[in-house]
Amino acid sequence: MSRFRRGHVVARSCLFVALLLAAALLMPSEAYALTTNKATARPNENGGSNVIGGLATRLTWEGTVEDGESVSSVTLVLPEGGTFAGSSTKITALDGLDRAAVDGFATANDNQLVVVFSQPVDEGLLIRLEVEGMAFPSEGGDVVVSGTYENASGTQQLADSKPISTIANTSLQMLVATLDEMEAVQAWNSNPFLGMFFKPQLLVTAFSSLLPGWLLCLVIVVVAYPFAIALGLVFAFMKISRHRLVRAIAIVYINVLRGTPLFLQIYIMFFGLPMMNVNIDNNVLGVIVIAINASAYLAEIFRAGIQSIPQGQYEAASSLGMSYFQTMFNIILPQTIRRVIPTVTSDFITSYKDTSLLSSVGVMELMMFAKNLTSVSGNMTPYVAAAIFYLIVTLPLIKVVTYIENRMAHAERGGGPRPKAGERSAVEEAASDDLAAAELSTHFEGLGEGQLAPVPVFARMAQEV
Amino acid sequence: MALFGKGSKGIAAVDVPPAMDAERAARLGYTHDNKLSKHAFMEGEHPVVRIEHLNKTFDGQTQVLRDVNLNVWNGEIVVVLGPSGSGKSTMLRCINLLETPTAGHILIEDEEITGRKPKDVALIRRELGMVFQGFNLFPHLTALENVMIGQTKVLKKSKEEARAEAVKQLTAVGLADRMDYKPPQLSGGQQQRVAIARAVAMHPKVLLFDEPTSALDPELVRDVLNVMKDLALHGDMTMIVVTHEMGFARDVADRVVFMEGGVVVEQGLPEDVFDRPKNVRTAQFLGSIE
Numbered sequence: 020m021s022r023f024r025r026g027h028v029v030a031r032s033c034l035f036v037a038l039l040l041a042a043a044l045l046m047p048s049e050a051y052a053l054t055t056n057k058a059t060a061r062p063n064e065n066g067g068s069n070v071i072g073g074l075a076t077r078l079t080w081e082g083t084v085e086d087g088e089s090v091s092s093v094t095l096v097l098p099e100g101g102t103f104a105g106s107s108t109k110i111t112a113l114d115g116l117d118r119a120a121v122d123g124f125a126t127a128n129d130n131q132l133v134v135v136f137s138q139p140v141d142e143g144l145l146i147r148l149e150v151e152g153m154a155f156p157s158e159g160g161d162v163v164v165s166g167t168y169e170n171a172s173g174t175q176q177l178a179d180s181k182p183i184s185t186i187a188n189t190s191l192q193m194l195v196a197t198l199d200e201m202e203a204v205q206a207w208n209s210n211p212f213l214g215m216f217f218k219p220q221l222l223v224t225a226f227s228s229l230l231p232g233w234l235l236c237l238v239i240v241v242v243a244y245p246f247a248i249a250l251g252l253v254f255a256f257m258k259i260s261r262h263r264l265v266r267a268i269a270i271v272y273i274n275v276l277r278g279t280p281l282f283l284q285i286y287i288m289f290f291g292l293p294m295m296n297v298n299i300d301n302n303v304l305g306v307i308v309i310a311i312n313a314s315a316y317l318a319e320i321f322r323a324g325i326q327s328i329p330q331g332q333y334e335a336a337s338s339l340g341m342s343y344f345q346t347m348f349n350i351i352l353p354q355t356i357r358r359v360i361p362t363v364t365s366d367f368i369t370s371y372k373d374t375s376l377l378s379s380v381g382v383m384e385l386m387m388f389a390k391n392l393t394s395v396s397g398n399m400t401p402y403v404a405a406a407i408f409y410l411i412v413t414l415p416l417i418k419v420v421t422y423i424e425n426r427m428a429h430a431e432r433g434g435g436p437r438p439k440a441g442e443r444s445a446v447e448e449a450a451s452d453d454l455a456a457a458e459l460s461t462h463f464e465g466l467g468e469g470q471l472a473p474v475p476v477f478a479r480m481a482q483e484v
Numbered sequence: 197m198a199l200f201g202k203g204s205k206g207i208a209a210v211d212v213p214p215a216m217d218a219e220r221a222a223r224l225g226y227t228h229d230n231k232l233s234k235h236a237f238m239e240g241e242h243p244v245v246r247i248e249h250l251n252k253t254f255d256g257q258t259q260v261l262r263d264v265n266l267n268v269w270n271g272e273i274v275v276v277l278g279p280s281g282s283g284k285s286t287m288l289r290c291i292n293l294l295e296t297p298t299a300g301h302i303l304i305e306d307e308e309i310t311g312r313k314p315k316d317v318a319l320i321r322r323e324l325g326m327v328f329q330g331f332n333l334f335p336h337l338t339a340l341e342n343v344m345i346g347q348t349k350v351l352k353k354s355k356e357e358a359r360a361e362a363v364k365q366l367t368a369v370g371l372a373d374r375m376d377y378k379p380p381q382l383s384g385g386q387q388q389r390v391a392i393a394r395a396v397a398m399h400p401k402v403l404l405f406d407e408p409t410s411a412l413d414p415e416l417v418r419d420v421l422n423v424m425k426d427l428a429l430h431g432d433m434t435m436i437v438v439t440h441e442m443g444f445a446r447d448v449a450d451r452v453v454f455m456e457g458g459v460v461v462e463q464g465l466p467e468d469v470f471d472r473p474k475n476v477r478t479a480q481f482l483g484s485i486e
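Order-wise, the sequence lines are chains D and P.
Here the numbering used here is used: the first residue of the first sequence is 20, the next is one more, and so on.
Here the numbering used here is used: the first residue of the second sequence is 197, the next is one more, and so on.
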């Protein structure tokens with residue numbers, strides 16, 4: 020912190036203390052016979068460090084009986100939605116450090132708790148009420164405990180407590196609470212393996228708390244991918260360029276990126292750029308790294324795709340008088356795209372999974388959340404939840420890849436709707452049986468090998484998927 | 197795609213004289229060809245294709261064409277015969293500049309097309325239609341689109357015009373009911389007919405056929421030959437056909453050219469070449485074929 024800022028803070032704190040003092044002096048000390056000392060709540064079992072509304076918890080309230088006063092009863096009031104129903108209250112009175120003999124009984128009445136002491140509590144005593152099993156309003160927020168008390172001169176207003184911060188109860192937390200109580204769940208969790216990897220309560224919690232991480236993963240890869248495709252196409256064309264220098268640049272780019280781990284590339288970008296005083300938002304930088312990394316793989320996929328188009332296609336296009344660019348954009352690329360769709364989809368899957376590496380540099384993606392939740396809960400279930408989140412995307416995509424591949428293999432073998440028998444001429448009819456076989460060989464002879472054999476890059480994909 | 201620069205510089209250049217003056221070439225060509233072709237010559241006519249001293253060497257060692265000279269006249273049907281490896285396909289591909297001649301001249305309507313810039317080459321190629329042995333249809337386009345794409349992209353015709361022309365040409369080759377099929381759904385014969393329609397729709401000055409029926413099942417050859425015959429007899433198309441179809445050559449050709457070892461061995465009227473071959477090799481070849 021700079022000296023200037025430190026000074027600033029000191030000045031501000033001074034001002035604050037001064038104001039407090041002034042307030043204390045100026046305000047006519049309100050004549051409370053019972054001063055509210057504190058009101059706190061214990062965090063819920065499944066809420067981490069949070070007090071969740073709507074779920075049973077413990078409220079501890081303390082107040083001091085002022086000099087020359089005595090208090091015969093205290094009524095605590097919660098805001099609308101809070102409840103004392105079913106709670107049990109422990110009443111304690113302290114005289115300094117000594118426990119004073121105070122007795123009484125508490126009556127819970129919805130959001131009111133009336134505590135009547137057997138005899139009035141004397142001056143100087145600290146009254147402590149520990150209300151077990153009460154609940155704050157479900158909607159959460161800052162809850163103030165108010166109320167009344169009775170002294171010799173009648174019913175008096177109790178000073179409001181400092182606000183207790185609570186979080187909203189959701190159906191999810193209700194569910195967790197329900198699960199907690201289910202015997203089947205308890206039995207399930209008593210199995211060490213199931214309890215460690217598939218704890219239902221944590222699974223439920225993890226799904227909700229990993230969701231933002233999962234969405235960030237998706238956003239990163241979905242934003243990165245179009246850039247990766249564009250870059251990949253550029254480098255694919257550079258790699259088949261007739262200019263040696265252009266080719267060399269593309270080869271270096273592709274080989275360096277494919278030849279080094281993405282993990283290393285992430286470290287270089289995330290730690291290198293800030294050292295050069297280039298500060299880019301973590302998520303944006305994540306997109307950039309993933310896009311650059313994927314572009315190198317895509318460049319190779321596109322290059323192989325372009326080169327798998329038979330020479331005859333170039334010849335046919337150019338004998339129609341098409342220029343190089345016309346040939347590329349009207350004839351070669353449309354066919355290339357069809358061919359590389361499965362491979363590109365597989366590469367997309369890889370990139371999507373690779374976003375997990377970004378957790379190592381503090382991008383708040385799926386793995387990051389899973390890691391945090393695991394270290395808090397000491398249970399592996401969040402990782403299992405993360406796996407499920409990855410699979411939600413990858414499994415359908417793998418299915419799509421297989422489907423497209425099968426369809427393409429079929430189409431390239433000359434499949435698809437054949438003319439109906441009735442529409443064919445006698446000659447074709449007679450020839451049709453031999454046709455398939457004869458035509459296949461001649462057809463592919465003419466078109467070159469690329470048409471028949473799966474493009475070599477498919478092999479890579481098959482391995483990866 | 198030439199990735200390693202153009203041409204083959206390492207070859208010992210074959211010395212060939214410069215291309216002939218147009219008038220002289222026309223005169224000499226007329227004197228030479230009028231006895232050899234059924235073509236109806238006209239007063240002062242110039243050949244549409246002129247091949248002079250064409251040489252082609254592959255990889256600096258395999259000489260495929262040796263000093264080939266040939267004129268093709270407007271509307272003439274020339275059928276090129278010869279055994280495999282005789283250089284007939286290479287000659288055809290040189291005319292289309294799919295192969296770069298090592299030496300010699302090719303002139304289309306008295307304009308030299310050899311040694312031109314890629315941009316000019318594209319312009320020249322649109323005047324020369326090509327039908328390939330392997331069809332080379334664009335598999336991602338329907339038959340109709342295959343015939344349209346050259347017209348729209350190269351000739352810059354409107355979609356409607358191109359479609360009308362494509363429908364006309366596909367109907368002419370008997371595929372009116374297959375226009376929306378993609379190549380893999382068509383038989384070889386149908387594919388080749390689409391390829392012919394695609395070439396014809398560009399209205400080239402010359403149509404080049406590179407063994408158009410060699411890749412076809414025998415039963416399907418007839419359909420393709422009929423289409424070609426129809427084109428030859430009822431159109432005013434200039435055609436150079438490299439083929440092994442003797443029947444087609446005899447019935448349709450104005451002139452038959454017999455090549456062997458990269459040289460034009462014999463040429464003449466089909467009945468002369470088939471029935472009274474002057475060259476021993478021609479006689480042997482025809483004998484072995486028929």
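Cβ coordinates follow ideal geometry from the N, Cα and C atoms, glycine included.
Burial state of residue i (16 or more Cβ within 10 Å)
i         : result
Thr434(P) : buried
Thr258(P) : exposed
Arg394(P) : buried
Leu224(P) : exposed
His242(P) : buried
Asn170(D) : buried
Arg61(D)  : exposed
Lys313(P) : exposed
Lys218(D) : buried
Val395(D) : exposed
Ala125(D) : buried
Alpha carbon of residue i to alpha carbon of residue j, nearest angstrom
i         : j         : result
Leu340(P) : Gln326(D) : 26 Å
Thr76(D)  : Thr185(D) : 11 Å
Asp306(P) : Leu324(P) : 15 Å
Ile285(D) : Gly305(D) : 8 Å
Gln220(D) : Asp199(D) : 7 Å
Met427(D) : Arg358(D) : 8 Å
Glu448(D) : Ser383(P) : Low confidence applies here, because Glu448(D) scores a pLDDT of 37, under 50, leaving its location unreliable; read the following figure in that light. Each residue's alpha carbon lies about 11 Å from the other.
Val274(P) : Ile350(D) : 31 Å
Glu202(D) : Gly214(D) : 14 Å
Gly464(P) : Asn475(P) : 12 Å
Gly178(P) : Asp376(P) : The question about residue 178(P) has no answer, for chain P in this structure spans 197 to 486.
Asp413(P) : Ala323(D) : 32 Å
Under the three-state DSSP convention, the category residue i falls into
i         : result
Pro214(P) : coil
Leu148(D) : strand
Thr346(D) : helix
His430(P) : helix
Ser338(D) : helix
Lys109(D) : strand
Pro139(D) : strand
Thr258(P) : strand
Thr167(D) : strand
Asn391(D) : helix
His235(P) : coil
Leu117(D) : In the sequence under discussion, the amino acid at residue 117(D) is Asp, which differs from the Leu named in the question. Three-state DSSP puts Asp117(D) in a strand.
Gly325(P) : strand
C-beta atoms of residue i and residue j nearer than 8 Å
i         : j         : result
Pro379(P) : Leu421(P) : no
Glu319(D) : Ile356(D) : no
His249(P) : Pro213(P) : yes
Leu144(D) : Ala196(D) : no
Ser89(D)  : Glu149(D) : no
Ala310(D) : Leu352(D) : no
Gly166(D) : Asn130(D) : no
Asn301(D) : Val363(D) : no
What runs of the alpha helix (DSSP H), each 4 residues or longer, lie entirely inside the region 189 to 270 of chain D? 190 to 200, 202 to 209, 211 to 216, 219 to 258
Output the residue ranges of the alpha helix (DSSP H) runs that lie fully inside the region 369 to 423 of chain P and measure 4 residues or longer, sorted by chain position. 384 to 396
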